[in-house]
Every structure is written in C-alpha cells, then in structure tokens.
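Everything in the sequence shown is counted per the working numbering, starting at 6 for the first residue and increasing by one. A virtual CB, placed ideally from N, CA and C, is assigned to each residue, including glycine. Encoded as structure tokens, the structure appears first; notes follow it.
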Amino acid sequence: MIVVMAPRATPEEIAAVREKLEKFGFEMHLSQGVERTILGAVGGKRPPETAALEVMAGVEKVVRILQPFKLVSKEFKSEPTVIKVRNLEIGNSRVVVGAGPCVVENRDQLLEVARRVQAAGANLLRGGAFKPRTSPYSFQGLGEEGLKLLAEAREETGLGIVTEVMEPGQVELVAEYTDILQLGARNMQNFNLLKALGAVRKPVLLKRGLSGTIQEWLMAAEYILSGGNYEVILCERGIRTFETATRNTLDLSAVPVAKQLSHLPVMVDPSHGTGDWKLVAPMSKAAVAAGADGILIEVHPRPEEALSDGPQSLTPGRFDNLMDELRSVAAAVGRQI
Ligand code: PEP
Ligand code: MN
C-alpha cells in the first residue's frame, strides 16, 4: 500500500506513519515528490485498516496498489525517474544514445569505436567484458581486462560506460569500473543477481528477457528497487516469437506500455532486437518516435571481423548518419538528442 502524506506533513508525522507500518512487518520506501512525500509499504503480511492510517496526523490518503509491482509503479511515484550518470540525465527530454561493440576485443578496437561514437554524439559507451554466449566455444570476453579497457576509454572520451554483469559474485568487481550495470536478457529472472543489484548504489540497465512478459520484466525491476536501488533503466531488446525473418521481434509497444505502468526510464536496443544492421536505423527512429528515453546500438569498426554480433553492428560511418537522422526524429516528437 502507499500512504500519501499531505503537502505540509512534518518529518515527525512521516516518521510516525513509518513506525506504525514497520510494526506491521512492512518494509518502508520513501518517494519524495515535488509537493508530497509518499510512503510505500511493501512485504507486510497483514495490513492495518486503511481508516486507522487515514486518521493519523499529516496523512492525506491511503491507496492499495493493485498491480503486483509496487515501487516500480506509477501509483507509488507519478513523476518520471531521471537517472544521473556522470553529467548525463536519463529519463528527461534528451534522448540518450549508448553505442559500442558487442564485446570488448582489444584496446585498439575499443578506443577506435569509443572515439568515433563520441565524435558522432553518443553519450554512453557500451561493451561487454563478461559475455553470455549461446555457445561455450564462442569468445567469452576479456573479463577484468575488458573492464580496464572500458575505464581507459571513458578516461579519454568522457563517455559513461555500460557493461554486463552475469553473476552475483561479479557485481562488486564490475561496479568498481562501470557507470551502469547491465543485466542481460538471459538473466532477467536470475533472482539472486537481481537481489545483488538491489544492494548496489549504481544504475542498472535491465534488459527484458527473451520470453519475458512486460509484467515479469517490471517484477524483475521490483526486485532491484525493493533492495533499495531505485536507479533502474528498463531496456526492450526484442522477444522470441514465431517470426524468423528477424533475430527477435522488437516489441516497440512495450515502450509506451512500460511508461504507462512505471515511472522508470525505458531504453530500446534495436541491434539485438532485429539482429540485422539494415534494420537498426529504421527501428532506432521508430523507438525514438515511440517515446524511448534512449537507445543502445552495437557499433564495430569492421563488423565482418567482429568476434560477436557482427551482422547487427553498424560501422562508425553508418552510426554517424543514423545520429543525424535521429536528431530530426527527436525534434519532430519534441525531444532532443
Ligand atoms: C548485449 O547487450 O550485448 C547482450 C548480450 O544483450 P542481451 O542480453 O539483450 O542479449
Ligand atoms: Mn551483442
């Protein structure tokens, strides 16, 4: 349930409500809006009578959240969440672009991509150091060496870093280097990893699972928020359907649906969503038009030599052209890039 405090509720009144709900076994989360404080009470077994709370000083109203996700919901927090990463804000009118190779292969490759995407106007550098590969014989990533190279690229270009973490035991190490921790599609329901990410104080990019419904995706986000980490960026990256013409089916309707249900920012990954570089530009433009707060694009200097996901990677030149096109689309829907 959520308790909406009156605009002039005092800190003592807020504390009293908090204590009362804690006695009922609830975990309390606070959402400090511009006008009001909202208390989210989650996890308790037997809630007190609504009327018993509504008579408390400073309480405006008590609302039971019907959705299974609570802290993620619009009811808990009506204003959009804006996540700050270095000098960047994700979730405001500026559309954020993350770009880079599927996997960090070596220093030259990474620095070349980083310089090119930065010059083209990207805001974040994405690249995998720990890779979840379908085949055990495929390149698994450089591990910590890859993280060091990403940190070096950030040093040189000023771009924030997004990189994947695959297991709870890696969270501390990856968080030491990266600005945003990516939780991959294959791990969307790895509940131990979700809990570990709830315990860190760094933003998490939460990819939608290959067969994850929007509700399951939001419940995965709820795991992270309920652990106390409120900085989650949702990322639609395509789902499994009967269609085989594309690698996945990029579900762009998930963008407005997630935004109607949640205050969290939503990004789109058209590279994994389509699996084909020729489809990346049209779907990136569609994502921006659909209201995405950012896009994530795979870029490789020589896609034909890429150790992972070459067929869906843009060359730096093609990425440059796409950025120009995206600026017009963003302007047409009242946003900037
Ligand atoms: C990636 O971003 O490189 C990746 C592996 O993505 P996903 O988890 O969406 O497949
Ligand atoms: Mn990839």
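Nearest by alpha-carbon distance to leucine 223: which of Val260, Arg252, Phe247 and Leu255 is it? Val260
Going straight from the alpha carbon of lysine 200 to that of glycine 151, what length do you get? 25 angstroms
Three or more beta-carbon pairs under 8 angstroms between the stretch 72-79 and the stretch 250-260, yes or no? no
If you reduce the DSSP assignment to three classes, tell me which class valine 122 lands in. helix
Taking a contact to mean a Cβ-Cβ separation below 7 angstroms, would you say leucine 129 touches glycine 96 in this structure? no
Beta-carbon separation of isoleucine 7 and valine 68 under 7 angstroms? yes
Heavy atoms of ligand 2 versus C-beta positions, residues under 5 angstroms: Cys107 and Asp314
Distance check for serine 313 and leucine 35, CA to CA, integer angstroms please. 42 angstroms
Does asparagine 253 pass the burial test, meaning 16 or more other C-beta atoms within 10 Å, or should it be called exposed? buried
Counting only runs of 3+ residues fully inside the stretch 71-123, write out the beta strand (DSSP E) ranges in chain order. 88-90, 93-95 and 101-105
Please work out which residues of its chain come closer than 7 angstroms, Cβ to Cβ, to leucine 331, disregarding the five sequence neighbours upstream and downstream, and give them in chain order. Ser289, Lys290, Val293 and Ile342
Could you tell me which residues DSSP pairs with arginine 131 in its beta bridges? Val167
Arginine 307 classed as buried or exposed, judged by whether at least 16 other C-beta atoms fall within 10 angstroms: exposed
Closest by CA to phenylalanine 29, which one among Glu17, Thr15 and Pro53? Pro53
Under the three-state DSSP convention, the category histidine 34 falls into: strand
I'd like to confirm the pairing. Which residues does DSSP put opposite glutamate 303 in its beta bridges? Gly105
My assumption, with CB atoms under 8 angstroms, is that valine 274 sits in contact with arginine 323. Please give the rounded CB distance. Checking the sequence shown, residue 274 turns out to be aspartate, not valine. Not really, about 17 angstroms apart at Cβ, beyond 8 angstroms.
Would you give the residue range spanned by the alpha helix (DSSP H) that glycine 343 belongs to? Given that the chain is displayed from residue 6 to residue 342, the structure contains no residue 343 and the question cannot be resolved.
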